[in-house]
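> Okay, handing you the structure first.
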Amino acid sequence: MVEISRGLEDVLIKTTSLTFIDGHHGVLRYRGYDINDLVEHSSYEELIYLMLYGELPNRKQLNEVKAKLNENYEVPEQVINAIYSLPRNCDAIGIMESAFGIMASVYNPKWDKEKDRDNAIQIIAKTATVVANVFRAKEGLKPKMPSPSQSYAKSFLEASFDRKVGEKEIKAMDAALILYTDHEVPASTTAGLVASSTFSDMYSCIVAALAALKGPLHGGAAEEAFKQFVEIGSPDKVDEWFKINIVEGRKRLMGFGHRVYKTYDPRAKIFKKLAQQLSQENPEIKKYLEIAERLEKLGIETFGSKGIYPNTDFYSGIVFNGLGFPIYMYTALFALSRTLGWLAHFIEYVEEQHRLIRPRALYVGPEYKHYVPVDKR
Ligand code: ACO
1 MVEISRGLED VLIKTTSLTF IDGHHGVLRY RGYDINDLVE HSSYEELIYL MLYGELPNRK
61 QLNEVKAKLN ENYEVPEQVI NAIYSLPRNC DAIGIMESAF GIMASVYNPK WDKEKDRDNA
121 IQIIAKTATV VANVFRAKEG LKPKMPSPSQ SYAKSFLEAS FDRKVGEKEI KAMDAALILY
181 TDHEVPASTT AGLVASSTFS DMYSCIVAAL AALKGPLHGG AAEEAFKQFV EIGSPDKVDE
241 WFKINIVEGR KRLMGFGHRV YKTYDPRAKI FKKLAQQLSQ ENPEIKKYLE IAERLEKLGI
301 ETFGSKGIYP NTDFYSGIVF NGLGFPIYMY TALFALSRTL GWLAHFIEYV EEQHRLIRPR
361 ALYVGPEYKH YVPVDKR
């Protein structure tokens, strides 16, 4: 009997020097550096260099990354036109797919070892412009380009909002960018890898990755997790909601469970801390945090023994909400930071271990059948 790897569970499709996950001990490292150390001491610009070039940058290399980002926020005018011409109720990831589809046509970069990393940094810069303007278009605001700055998080937040953003917000955005950067080969990265294995251009590979990210079992979970908190409404209603929906209704608790982590997701711990910091000055965030913390307790009591714990999406929505982003933007914000992880994996695959990804399917349909013309059926 031939065995089918349903969901490709535990199938190894590549080697990687990018991300190490220990799902049983809740460890996540990028190129050997622990996620906690990176959030505490590093920045997203450092991480861009680390992921693409393999080492932490020295001062000169870091300044070069910042300069390249600052030089590349511009996107083709067709991208801005498309983003603002779509109805405001269009899905944020759908709009991103359109924007990247247009850039794939306009730029169509060929794979080239000498240029891949530069192209990747250009794409990361343009992603900030796209995501900020997806938000602005959906809010009925006018287009705005990120301004050059020392921080990608700052340029992005200032392009998104028409207000001054504080240091605490910039630090939280920077941390969120780091936390969502990479997670080995989940569905989105794998979808993009399949596209990259055909030597499709980097922008098109991102369209493939976005399509897989969009679903509620992957990137869409942050939105679904936060919707739960909104539906519950207040901390004193958590227990009843949990009993009716999760215990008796047998619905899945969104933001809980993970294919790889069988313990508390280390990113969720950091997002929880960030949410706690943002909640100090924001009573709305404090309320959602209290709901989430009670839900977490019930969730772990019920599912902990099965290895089902909070994942990164459980608290991230509270952080994004605290920064001023509505629910519909959460998956797009995930994509904003994951673009770096996707690109680093595509480059690693194409440059070091390329082979066309073309699996097989076991045919279980009917044997040969005679064709019957339509009027004789
Ligand atoms: N709530 C309740 N039960 C759950 C949950 C959950 N969140 N997650 C898994 N289970 C249960 C399943 O019902 C199943 O139970 P059974 O064996 O009694 O039938 C068992 O755990 C195994 O579930 P699978 O779906 O087979 O496990 P898988 O490894 O595919 O699960 C997944 C991973 C899809 C993420 C799942 O935990 C889930 O649906 N979680 C909710 C959605 C979510 O938060 N997704 C975000 C993932 S993180 C990310 O993408 C960044």
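Just so we're aligned, residue 1 is where the sequence shown starts under the working numbering, counting upward by one. Glycine residues also receive a C-beta, built at the ideal position from the N, C-alpha and C atoms. Because the structure is a prediction, the values reported are computed rather than measured.
1. Can you tell me whether DSSP reads T15 as helix, strand or coil?
2. Can you find the residues in the same chain that come closer than 8 Å, C-beta to C-beta, to G54, ignoring five residues on each side of it along the sequence?
3. From the DSSP output, in three-state form, read off F20 for me.
4. Where I357 and M145 are concerned, what is the direct C-alpha to C-alpha distance, given to the nearest angstrom?
5. Since A208 and A221 should fall inside the 8 Å C-beta cutoff, what is the C-beta to C-beta distance between them, to a whole number of angstroms?
6. Around the C-beta of F199, are 16 or more other C-beta atoms found within 10 angstroms, so that it is buried, or is it exposed?
7. Using only the heavy atoms of ligand 1, determine whether one of them is closer than 7 Å to the beta carbon of L253.
8. For L28, I'd like the list of residues in its chain whose CB is within less than 6 Å of its CB, leaving aside the five on either flank, ordered along the chain.
9. What does DSSP give as the partner residues of P33 in its beta bridges?
10. What is the rounded straight-line gap between the Cα of S188 and the Cα of A212?
11. Expressed to the nearest angstrom, what Euclidean distance is found between the alpha-carbon atoms of P87 and K138?
12. Between the Cα of G101 and those of E240, K60, C90, A82, spot the shortest distance and give me the residue it belongs to.
13. Per the contact definition of three or more C-beta pairs closer than 8 Å, is the segment 36-43 in contact with the segment 171-182?
14. Can you list, in chain order, the residues of its chain with a C-beta nearer than 7 Å to that of A99? Leave out the 5 residues immediately preceding and following it.
15. Between S155 and S147, how many whole angstroms is the CB-CB distance? I'm expecting something under 8 Å.
16. So, under 8 Å CB-CB, G249 and T331 are touching, yes? Tell me the CB distance rounded to an integer number of Å.
17. Taking A275 and I285 to be in contact with their CB atoms under 8 Å, please state how far apart those CB atoms are, rounded to whole angstroms.
18. Measuring CB to CB, does E76 end up less than 8 Å from V106?
19. Take L157 and list the residues in its own chain whose beta-carbon comes closer than 8 Å to its own, dropping the five residues that flank it on each side.
20. What residues match up with F242 in a beta bridge as DSSP calls it?
21. Go ahead and label E97 buried or exposed: buried means 16 or more other beta carbons lie within 10 angstroms of its beta carbon, across all protein chains shown.
22. Given that a residue counts as buried once 16 or more other Cβ atoms are within 10 Å of its Cβ, and exposed if not, what is V319?
23. Any idea what DSSP makes of P235, helix, strand or coil?
Looking at the coordinates:
1. Coil, per DSSP.
2. Within its own chain, the residues whose Cβ lies closer than 8 Å to the Cβ of G54, once the five positions on either side in sequence are excluded, are S17, R31, listed in chain order.
3. In the structure shown, F20 adopts extended strand secondary structure according to DSSP, grouped into three states.
4. So the two alpha carbons sit approximately 37 Å from each other.
5. Rounded, the Cβ-Cβ distance is 20 Å, inconsistent with contact.
6. Only exposed fits F199, as fewer than 16 other CB atoms lie within 10 angstroms of its CB.
7. L253 Cβ: within cutoff of ligand 1.
8. I21, I35, P266, listed in sequence order.
9. Correcting the residue type first, residue 33 is Tyr in the shown sequence and not Pro. Assignment of beta-bridge partners to Y33 by DSSP yields Y30.
10. As the crow flies, the alpha-carbon of S188 is around 5 Å from that of A212.
11. Their backbone Cα atoms lie some 8 Å apart in a straight line.
12. It is A82.
13. Touching, per the Cβ criterion.
14. Excluding sequence neighbours, A99 sits near V79, A82, I83, V130.
15. Rounded to the nearest angstrom, the Cβ distance from S155 to S147 is 6 Å, consistent with a contact under 8 Å.
16. By a beta-carbon distance limit of 8 Å, G249 does not contact T331. Their separation comes to about 24 Å.
17. Confirmed, Cβ separation roughly 7 Å.
18. At residue 76 the sequence reads Pro, which differs from the Glu that was named. Cβ atoms of P76 and V106: closer than 8 Å.
19. Take L157, set aside five residues on each side of it, and the residues of its chain with a beta-carbon closer than 8 Å to its own are V165, E169, I170, M173, L323, in chain order.
20. Partner(s): none; F242 has no beta bridge.
21. Under this definition E97 is a buried residue.
22. With 16 or more other Cβ atoms from the protein chains shown falling within 10 Å of its own Cβ, V319 counts as buried.
23. When secondary structure is reduced to three states using DSSP, P235 falls in the helix class.
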